[in-house]
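Worksheet for the structure shown next.
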Amino acid sequence: MARSKLHALARSLTLVASVGAPCLAQAADLLPPPPPPPPPPVEVGGGWYLRGDVGVSAYTSSQFAAYGEKGTGGYIDDTYHDRGIGSGAFGGIGIGYQFNPFFRGDITGEYRFSNELRTSRRFQTENGYTDLDGNAVSLRSRYDDDTQARFDAAVVLANAYFDLGTWYGVTPFVGGGVGVSFNHLSGAKTDARETAPTLSYQYNCAAGCFTGYAVPDGNGGYVYGTRTDRYDYKDKTKASFAWALHAGLAYDVTSNFKVELAYRYLNLGTAKTGLGETYCCSSIGGYKVKTLEAHDVKIGLRYLLGGVVAAPLPPLMADYQPAPGPLVRKY
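Those letters in the sequence shown? Residues 9 to 339, by the working numbering.
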């Protein structure tokens, strides 16, 4: 009897082992869950960029003009010769934003280094005089002026650019800008030669100074003479509206660093000297330079502050998770 019970128990244990063994093997073969995917890259700085530029300029001006007159009469002719401004250098910095692959804008400030301005002028005037007998006479005078000055400027511009596409790392672009130019003329002087009637100066009580009277010669005419004068003008800075047109090429050295070669037309507006020295009963006006233009060739460096960087790595030690227990099936 006991033997038969032991035999039945052995068969039961064998049946349980044969049923549970595949489950235990399956549980042992289960792998832990995969790690979570890394976080997506993070963009730092957006589209902001810094820039710097250096270049050379060739200046032109459509007109020089005197904004004061000599004597009391009007001009008969007023012709400028050999007018011009020498070439010069400039440098500047700026900050901008790349809105999309085709449009960007920046604000720049630059200093345009000093260079020489010069012009020669030939003109005549017809002035009214009083002779020694008190008679009013109208006489002509001729003037030859050679004027020199130093010109420099500080320019602030707001610019917009259109990038026309990129081929082999090269991006052509066009653009424009508006702003203000602080034009400075300094050290201005005029060497003048005047051929005019000889005057006899007598004190004029009404005017409070000495007045010149035309001196007649023995034949009923008037005596002419030539004299030289030197006029020095006060330095002056004038703020003037400025605008620019850009065209150039940008090369991608890296995804964040670009080099530009560009041409720029820059209209600097108007520059003026201060007034000259004042004489008894007369004054010397200053000079105005109208439509001051610059043709610039420049090299620029542009560094994009923004960019895509990898997200931080997950921690080396993950939180402990116990291994899953065996799968138990109930029948």
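Heads up, the beta-carbon is just placed ideally off N, CA and C, and yes, glycines get one too.
| Check | Outcome |
| --- | --- |
| Length of the line joining the Cα atoms of F121 and D171 | 30 Å |
| T299 versus Y259, S248, I292, residue with shortest Cα-Cα distance | S248 |
| Beta carbon of A252 nearer than 9 Å to that of N191 | no |
| T262 - DSSP class collapsed to helix/strand/coil | coil |
| CA-to-CA distance, D237 to G185, given in whole angstroms | 43 Å |
| Inter-stretch contact (C-beta, 8 Å, three-pair minimum) for the stretch 117-132 and the stretch 151-166 | yes |
| Residues sharing a beta bridge with E124, DSSP | R158 |
| Burial state of Q106, where buried means 16 or more other Cβ atoms lie within 10 Å | buried |
| Burial state of T234 (16 or more Cβ within 10 Å) | exposed |
| Element boundaries [beta strand (DSSP E), containing Y176] | Per DSSP, Y176 belongs to no beta strand (DSSP E) and is neither H nor E. |
| Assigned secondary structure, F170 (DSSP; H/G/I helix, E/B strand, else coil) | strand |
| Reduced DSSP secondary structure (H/G/I, E/B, other) of L283 | coil |
| Whole-angstrom distance between A270 and F111, CA atom to CA atom | 17 Å |
| Helix, strand or coil at K242 according to DSSP, with G and I counted as helix | coil |
| Beta-carbon proximity check, A279 vs E268, cutoff 9 Å | no |
| According to DSSP, residues forming a beta bridge with I307 | V62, L269 |
| Buried versus exposed, by CB contacts within 10 Å (16 or more), E118 | buried |
| G187 versus G173, D243, R310, D114, residue with shortest Cα-Cα distance | D114 |
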